[in-house]
Amino acid sequence: MTMGLLLRCLAVLSLALPLVLGQILPLSSSSRWIVDATGARVKFRCANWAGHLEANVPEGLSSQPLETIVNWVADNGFNCVRLTAVLPRPSMRPSLLRSTAAAAQMNPFVATSTRLEVFGAVIDALWARGVMTVLDNHVSKASWCCDFTDGNGWWDTASGIFDAANQQYFITSNWLAGLKAMAVWAQGHPGVVAMSLRNELRQIPVLNSVSDWYKFVEQAGAEIHSNNADILIVVGGVDGAMDMSQLKSESLDTSAWAGKNVWEFHAYSFSVLYSLLGTDCSVVQGEYGFYAGFVLSQNEAYTGPLWLSEFGVGMTGGTFEGLVQTDYDYLTCLVEYMTSNDADWSVWVLQGSYYVRQGTINSDESFGLLTTDWSTWRNSNFTSLLGAMWDVTQGP
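One point on numbering: in the UniProt record's numbering, the residue at position 207 of the sequence shown is 207, and numbering is uninterrupted.
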C-alpha cells in the first residue's frame with residue numbers, strides 16, 4: 001500500500017470515530033474538567049511516545065509494524081498518546097541511522113516519507129483505534145531531555161543573563177513559527193486533540209525571570225488558537241514542569257484561548273522540588289498540591305484541568321511487584337494522590353528502546369512499558385499498580 005493510499009484510508013476511517021470514542025469532538029475545558037462537545041467528561045489516560053530524539057520520528061518503527069504498536073496501546077486501555085516532537089522541518093526525511101532498513105521492512109512507508117508524514121501516519125493510525133494524540137513540543141534540537149546543559153530549557157530572548165548551555169537552541173521566533181505550523185498541520189489530522197507549548201521549561205534562578213513565562217506562554221497560546229481553534233492548549237509551569245505556584249499571585253491571561261486551557265505537571269521519584277521536605281508520603285502529597293494540584297480548586301482565576309503528563313518508574317529489578325522499593329513507594333503515593341483527585345495522566349513511557357539515544361543504537365529504556373523489542377509488557381504488574389487511576393470517579 002502506498003503512503004498516500006494509507007493516509008486516505010485512515011482519513012475515511014476517522015470520520016466515524018466520535019461514536020467509537022463515545023465523545024464528540026472538539027474537546028474543551030470547563031472548570032477543572034476536560035469535556036467533549038456535549039459537556040461529558042473526557043479523562044486523559046495516556047502513554048508518552050517519544051519522537052523528539054535523534055531520529056526525529058516516533059520510536060519503534062524498526063521493531064514492530066505500526067499497526068501492532070497502535071493495537072497494543074488501544075487494547076491496554078490507553079485513550080491517548082502524548083507524542084513528543086521537535087519543531088517541524090517539513091521536508092526533512094527520517095534519519096533512522098542503522099535502523100532505516102529495519103524500519104522500512106516493518107513499515108515500508110517510512111522509506112519514502114517525510115518526517116511529518118511519518119508523524120501523520122502514527123497519529124491517524126492511533127485515531128483509527130480511537131486513541132487521541134496530544135502533540136508535545138519537547139525540544140528545539142533533537143536530543144535526550146532534560147537538564148540545564150542541553151540548550152533547550154529557556155527562551156533565547158528572555159530577560160536576564162543569557163546562558164547558552166540552557167538557551168542556545170530555544171529560538172523564540174522559531175518556536176512560535178513552529179507551533180503555528182504544527183497547529184495548521186494538525187487540522188488535517190483529527191486525532192490531534194491538544195498541543196502542549198513546551199516540555200519542562202526550566203529557568204536558572206537569579207539569571208532568569210518567571211515574568212518571561214507569562215509573556216511567551218501567552219503569545220504561544222494565542223498563536224496556536226488563532227490557527228486551530230479546536231484543539232486544547234496545554235501549559236506547564238517552570239522548574240521542569242513541577243511548579244505553577246506563581247499563578248497564586250499572578251494569573252496567566254488565557255482569554256485568547258478561553259475554554260481550551262489545560263495545565264500540566266511532571267512528578268518522578270527524583271523530582272527535587274517535591275522532596276525538599278522529605279519523602280514521607282503525606283508531605284510529598286502536600287508538595288504536589290502546593291506546586292500544582294491547587295489549580296483543581298473550584299472558582300479561582302487559575303482553575304483548570306490538571307494533567308500529570310509525565311511520571312514513571314524503572315520497570316524491573318526489584319522485589320516490589322518488580323519495582324525497587326524507592327520507586328514502589330513513590331508510585332503508590334502518587335497513585336493515591338491522583339486517585340483522590342481523579343486527575344488526568346500520561347505515563348513515561350511507551351517505548352522499550354530507541355533507534356539511537358545519546359549515541360547508542362537500539363538503546364534500551366528501563367522505564368518503558370514495552371520490552372526492548374516492543375513485543376509485550378516489560379512489567380505485567382504495572383497496569384494493576386495504577387489501580388483506580390484508570391477509573392473515572394468524578395465529573396462536572
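Think of the CB as a built atom: it goes at the ideal place given N, C-alpha and C, for glycine as much as any other residue.
Is the separation between the beta-carbon of residue i and that of residue j shorter than 8 Å?
{"i": "residue 86", "j": "residue 140", "result": "yes"}
{"i": "residue 346", "j": "residue 48", "result": "yes"}
{"i": "residue 231", "j": "residue 192", "result": "yes"}
{"i": "residue 413", "j": "residue 334", "result": "Because the chain spans 1 through 396 in this model, residue 413 falls outside it and cannot be assessed."}
{"i": "residue 53", "j": "residue 357", "result": "yes"}
{"i": "residue 336", "j": "residue 353", "result": "no"}
{"i": "residue 374", "j": "residue 64", "result": "yes"}
{"i": "residue 164", "j": "residue 228", "result": "no"}
{"i": "residue 58", "j": "residue 119", "result": "yes"}
{"i": "residue 221", "j": "residue 257", "result": "yes"}
{"i": "residue 41", "j": "residue 77", "result": "no"}
{"i": "residue 302", "j": "residue 251", "result": "yes"}
{"i": "residue 66", "j": "residue 111", "result": "no"}
{"i": "residue 171", "j": "residue 156", "result": "yes"}
{"i": "residue 288", "j": "residue 55", "result": "no"}
{"i": "residue 362", "j": "residue 296", "result": "no"}
How big is the Cα-Cα spacing for residue i and residue j?
{"i": "residue 261", "j": "residue 33", "result": "10 Å"}
{"i": "residue 219", "j": "residue 166", "result": "21 Å"}
{"i": "residue 74", "j": "residue 129", "result": "6 Å"}
{"i": "residue 400", "j": "residue 131", "result": "Nothing can be reported for residue 400: it is not among the residues displayed for the chain, which extend from 1 to 396."}
{"i": "residue 90", "j": "residue 115", "result": "Confidence at residue 90 is low in this model, with a pLDDT of 48, below 50, so the placement of that residue should be treated as unreliable; the coordinate-derived value is given next. Their backbone Cα atoms lie some 7 Å apart in a straight line."}
{"i": "residue 175", "j": "residue 338", "result": "32 Å"}
{"i": "residue 396", "j": "residue 359", "result": "48 Å"}
{"i": "residue 265", "j": "residue 184", "result": "26 Å"}
{"i": "residue 158", "j": "residue 237", "result": "16 Å"}
{"i": "residue 275", "j": "residue 84", "result": "27 Å"}
{"i": "residue 126", "j": "residue 145", "result": "25 Å"}
{"i": "residue 208", "j": "residue 381", "result": "43 Å"}
{"i": "residue 101", "j": "residue 224", "result": "36 Å"}
{"i": "residue 36", "j": "residue 30", "result": "10 Å"}
{"i": "residue 203", "j": "residue 105", "result": "43 Å"}
{"i": "residue 370", "j": "residue 28", "result": "31 Å"}
{"i": "residue 326", "j": "residue 387", "result": "18 Å"}
{"i": "residue 109", "j": "residue 194", "result": "26 Å"}
{"i": "residue 254", "j": "residue 309", "result": "20 Å"}
{"i": "residue 62", "j": "residue 70", "result": "14 Å"}
{"i": "residue 330", "j": "residue 316", "result": "15 Å"}
{"i": "residue 307", "j": "residue 60", "result": "25 Å"}
{"i": "residue 443", "j": "residue 299", "result": "The structure shown has nothing for residue 443, since the chain only spans 1 to 396."}
{"i": "residue 367", "j": "residue 350", "result": "8 Å"}
{"i": "residue 82", "j": "residue 160", "result": "32 Å"}
{"i": "residue 137", "j": "residue 226", "result": "18 Å"}
{"i": "residue 217", "j": "residue 304", "result": "16 Å"}
{"i": "residue 343", "j": "residue 273", "result": "20 Å"}
{"i": "residue 372", "j": "residue 314", "result": "13 Å"}
{"i": "residue 51", "j": "residue 215", "result": "28 Å"}
{"i": "residue 68", "j": "residue 103", "result": "13 Å"}
{"i": "residue 394", "j": "residue 285", "result": "19 Å"}
Given that a residue counts as buried once 16 or more other Cβ atoms are within 10 Å of its Cβ, and exposed if not, what is residue i?
{"i": "residue 43", "result": "buried"}
{"i": "residue 142", "result": "buried"}
{"i": "residue 389", "result": "buried"}
{"i": "residue 39", "result": "exposed"}
{"i": "residue 205", "result": "exposed"}
{"i": "residue 211", "result": "exposed"}
{"i": "residue 400", "result": "Residue 400 falls outside the range modelled here, since the chain spans only 1 to 396, and no answer is possible."}
{"i": "residue 239", "result": "buried"}
{"i": "residue 133", "result": "buried"}
{"i": "residue 24", "result": "exposed"}
{"i": "residue 123", "result": "buried"}
{"i": "residue 391", "result": "exposed"}
{"i": "residue 384", "result": "exposed"}
Stretch-stretch touch, CB-based, cutoff 8 Å, three pairs: the region 240-250 with the region 286-304: yes
Beta strand (DSSP E) runs contained entirely in the region 183-254, provided each spans 3 or more residues: 192-196 and 232-236
contact_flag[the region 275-287, the region 307-324] where n(CB pairs < 8 Å) is 3 or more: no
Sequence ranges, beta strand (DSSP E) only - wholly within the region 56-140, length at least 3: 80-86 and 132-139
Stretch pair the region 150-168 + the region 194-213: three plus CB contacts closer than 8 Å: yes
Continuous beta strand (DSSP E) assignments of at least 3 residues falling wholly in the region 142-188: none
Runs of alpha helix (DSSP H) lying entirely within the region 274-303, each at least 4 residues, in chain order: 281-291
Entirely enclosed beta strand (DSSP E) segments - the region 351-392, minimum 3 residues: 353-357 and 360-364
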